[in-house]
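Numbering (this note's numbering), first residue to last: 1 to 66. Even for Gly, the Cβ is constructed at its ideal location relative to N, Cα and C. Written out below as structure tokens is the structure these notes cover.
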Amino acid sequence: MESNAQKGVQIREVVQKEFEVYGKKITFQSGLFALQADGSVVVQMGETVVLVTATAEKEAAEGVDF
């Protein structure tokens with residue numbers, strides 16, 4: 001039976017940080033959602049929740065200047 005590493009499955013550590021800004025708690029959590037993205041974070045403040053994701057190519061495309 002193949003292990004996750006042999007299958008190419010990447011195991012991410014769930015990281016959660018909480019801060020207080022102007023008396024309101026802000027929570028940042030990564031490694032739980034959008035695991036196919038190169039990076040993702042869930043930000044929560046009160047009842048508002050935002051999922052931010054980012055992806056990138058491993059190699060830059062030729063002829064692209066941005």
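Query: Please report the straight-line C-alpha distance between Ser30 and Phe19, rounded to a whole angstrom.; Result: 15 angstroms
Query: Can you give me the C-alpha to C-alpha distance between Ser40 and Ala56, rounded to a whole angstrom?; Result: 12 angstroms
Query: Quick one: what's got a C-beta closer than 8 angstroms to Val14's C-beta in the same chain, skipping five residues either side?; Result: Gln29, Ser30, Gly31, Leu32
Query: Assuming Val42 contacts Leu35 (C-beta within less than 8 angstroms), just tell me the rounded distance between them.; Result: Actually they do not touch by this definition, with Cβ atoms about 12 angstroms apart.
Query: Beta strand (DSSP E) containing Glu47: first to last residue?; Result: Unbroken run through Glu47: none, as it is neither H nor E.
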